[in-house]
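Visitor: Input: one structure, supplied below.
Protein chains in written order, with my numbering: chain F, 1 to 297; chain Y, 298 to 644.
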């Protein structure tokens, strides 16, 4: 039982951080499909940072800087150049996936996985069987709570939500929605850096090409499934992680009787079901409709 | 006028995207001019480059036609990759099942199966979107990942080539009689299929009520509903057709250049097809031109590591940067565009 719980926390923590970034962006009115790209950039920067600087703290700072830079780029394109959020977000994701491959190739001269000598600090033997979890996993509930406080109990959070729900009202109250979106994306960048750091340096201390494997998109889906609420999104992300951990468990129990790939695809199937359920329960998960504006310039 | 301006707009943002790529290449420690020169060389200038560009362009063109249809109808079907895989898988199963039958029977059957496979893989996100309102961006994206797992399962399981070695499992090769091209991937059959698909899609979009209604319901579904057309049927049909076209491209890749399935083959196909449709501003003729450009880039991705010693990820970065900027609107170009407006222009 402990093993399943540990596996769930380990795979769920990056998802939760990514989902929080998605929630904040969604509140501010941006459908953030760049999460995947920021996450892999964060993962790559953390591992490469640890290898080059021998310091976890410096590596995290590099990762956060890279992800904030990527977020600022997305903001520039979406807000200032009025690009389509979904296509630009996918572009940022592609930039993250391609850029990290290129960076690893250029620094290490090979496309093989990069391993770091050590990773994020562990929470230690005080937590018994959970000692091997990283501090980011321990911090996760705190961060979820802080994001909730920020969104629901601060002036900043309310302005953020107003910018997303009713930019016109926000503007007439003296809030610049565009600036609020930049703030939302930058905070999301920090969270994505943490998501990537936990994914790469949380337990395996390794960076491999495309290692995020859709987790950023799952985080985005968790933000939708969780109704744009930080706690709801965190629960949705943990749900996807539980399904994934059960799949791995089932593989050990049932061995070859069930195709390995079916079990691996369970979290993705759960994500589809999650999106469908939230659409059924709340009547549509679509924020932006139509691609018509692309042709009606 | 409109189309020239939209072409100009695309060109401006492609240049901006390439500048961003140059910066990224320099940061990563590569010489940007050398990189661009090698890409240009690999894509269009070296001997035989145009044939290679065309070989990659044709399947991309077909998948991109599907993107054009679904985007025009207002649906973000970004699951081209998964539909492409499912089409190839369905065709491979039929080829295996009919093994030994005459090619005149097997090849058409494979094409039908491939298109049906792609269409089915677009059907469920379409139903979830139209009947329940589940966002098709996420469902089709997840469909891509699931289809990739199905592909790995099929190539390592039911269709596994027992003689295959190496880490990448692949399916048993197709009989030579069932192939529609050699491994270079260019044959009259493939060209005819692509041209036919282009003409049919053009006619469908511009000369049938379906095309007109799809374009209208992409812009204003409520109005179309009030006009008495059933938006859900148009939407579902556009999902199915776009899936079928991606499946057709998958079938071509299987029965033409590849000759077998391999886990994770052509991973960027669906994404590149979306870019092609967007660069072309969702016009069919533009899609053909854009497909040739991106087909060149795709062939350069193979050329770079082998002949220039440069990483092929450079091409992924160029594609991604173009995607970042391609839907951007420039105030300047729009202002120029507005000067010419004043009468109804056909877009």
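Here a beta-carbon is modelled for each residue, glycine too, at the ideal position from N, C-alpha and C.
For residue 115(F), which three-state DSSP category applies?
Guide: Under the three-state reduction of DSSP output, residue 115(F) falls in the strand class.
Visitor: Verify whether the separation of the beta carbon atoms of residue 486(Y) and residue 468(Y) is less than 8 Å.
Guide: No, Cβ-Cβ distance for residue 486(Y) and residue 468(Y) is not below 8 Å.
Visitor: Whose C-alpha, out of 5(F), 30(F), 117(F), is nearest the C-alpha of residue 129(F)?
Guide: 5(F)
Visitor: Can you check whether the CB of residue 374(Y) is closer than 8 Å to the CB of residue 620(Y)?
Guide: Taking 8 Å as the Cβ cut-off, residue 620(Y) and residue 374(Y) do not qualify as a contacting pair.
Visitor: Going along the segment 255-271 of chain F in order, which residues come within less than 8 Å of chain Y, judged by CB to CB distance?
Guide: 259, 260, 261, 262, 264, 265, 268, 269, 271
Visitor: What is the DSSP secondary structure of residue 258(F), counted as helix, strand or coil?
Guide: Under the three-state reduction of DSSP, residue 258(F) is assigned to coil, being neither helix nor strand.
Visitor: For a cutoff of 8 Å on Cβ pairs, would you count residue 458(Y) as touching chain F?
Guide: No, residue 458(Y) lies away from the interface with chain F (no Cβ there is under 8 Å from its Cβ).
Visitor: Taking only beta carbons into account, state which residues of the segment 603-616 of chain Y come closer than 7 Å to chain F, listed in chain order.
Guide: 608, 610, 611, 613, 614, 616
Visitor: Taking C-beta to C-beta, are residue 367(Y) and residue 536(Y) nearer than 8 Å?
Guide: yes
Visitor: Any beta carbon from chain F within less than 8 Å of residue 450(Y)'s own beta carbon?
Guide: Any Cβ of chain F closer than 8 Å to the Cβ of residue 450(Y) would place that residue at the interface, and such an atom is present.
Visitor: In terms of DSSP beta bridges, what is residue 559(Y) paired with?
Guide: 467(Y)
Visitor: Can you give me the C-alpha to C-alpha distance between residue 265(F) and residue 350(Y), rounded to a whole angstrom?
Guide: 34 Å
Visitor: Can the beta-carbon of residue 547(Y) be found less than 8 Å from the beta-carbon of residue 445(Y)?
Guide: no
Visitor: Can you find at least 3 beta carbon pairs, one from the segment 379-398 of chain Y and one from the segment 550-559 of chain Y, that sit closer than 8 Å?
Guide: yes
Visitor: What are the residues that DSSP puts in a beta bridge with residue 134(F)?
Guide: 122(F)
Visitor: With DSSP collapsed to three states, give me the class of residue 373(Y).
Guide: coil
Visitor: Between the segment 355-371 of chain Y and the segment 484-499 of chain Y, are three or more C-beta pairs nearer than 8 Å?
Guide: Under the Cβ criterion (8 Å, minimum of three pairs), the segment 355-371 of chain Y counts as touching the segment 484-499 of chain Y.
Visitor: Would you verify that the beta carbon of residue 320(Y) is, or is not, closer than 8 Å to some beta carbon of chain F?
Guide: no
Visitor: With three or more beta-carbon pairs closer than 8 Å as the criterion, would you say the segment 49-64 of chain F touches the segment 154-173 of chain F?
Guide: Verdict: no, contact absent.
Visitor: Where does residue 457(Y) sit, in a helix, a strand or coil, going by DSSP?
Guide: strand
Visitor: What's the call for residue 402(Y), buried or exposed, on a 16-neighbour Cβ count within 10 Å?
Guide: By the 10 Å Cβ count, residue 402(Y) comes out exposed.
Visitor: Using the Cα positions of residue 92(F) and residue 395(Y), report the straight-line distance between them to the nearest angstrom.
Guide: 44 Å
Visitor: What are the residues that DSSP puts in a beta bridge with residue 206(F)?
Guide: 115(F)
Visitor: For residue 208(F), collect the residues of the same chain with a Cβ closer than 6 Å to its Cβ; drop the 5 residues on either side in sequence, then sort them by chain order.
Guide: The answer, listed in chain order, is 113.
Visitor: When burial is assigned at 16 or more other CB atoms within 10 Å of the CB, is residue 447(Y) buried or exposed?
Guide: Buried: at least 16 other Cβ atoms inside 10 Å.
Visitor: Beta carbon of residue 340(Y), beta carbon of residue 593(Y): below 8 Å?
Guide: yes
Visitor: Could you name the residues of the same chain whose beta carbon sits closer than 8 Å to that of residue 103(F), not counting the 5 residues immediately before and after it, in chain order?
Guide: Taken in chain order, the residues that qualify are 44, 48.
Visitor: Buried or exposed: residue 211(F), going by 16 or more other Cβ atoms within 10 Å of its Cβ?
Guide: Burial of residue 211(F) is indicated by the presence of at least 16 other C-beta atoms within 10 angstroms of its C-beta.
Visitor: If you check the beta carbons only, do residue 8(F) and residue 218(F) fall under 8 Å apart?
Guide: no
Visitor: Show which residues of chain F have a CB atom less than 8 Å away from the CB atom of residue 335(Y).
Guide: The premise fails here: residue 335(Y) is roughly 14 Å from chain F at the closest Cβ pair, so nothing lies under 8 Å.
Visitor: Identify the contact partners of residue 9(F) in chain Y, using a Cβ-Cβ distance below 7 Å as the criterion.
Guide: Per Cβ cutoff of 7 Å: no residues; residue 9(F) is ~23 Å from chain Y at best.
Visitor: So what's residue 166(F) in DSSP terms, helix, strand or just coil?
Guide: coil
Visitor: Within 8 Å, do at least three Cβ pairs link the segment 15-24 of chain F to the segment 191-198 of chain F?
Guide: yes
Visitor: Exposed or buried, what is residue 71(F) when buried is set at 16 or more other beta-carbons lying within 10 Å of its beta-carbon?
Guide: buried
Visitor: Under a CB-based cut-off of 8 Å, is residue 241(F) close to chain Y?
Guide: no
Visitor: Classify residue 279(F) as buried or exposed, calling it buried when 16 or more other Cβ atoms lie within 10 Å of its own Cβ.
Guide: buried
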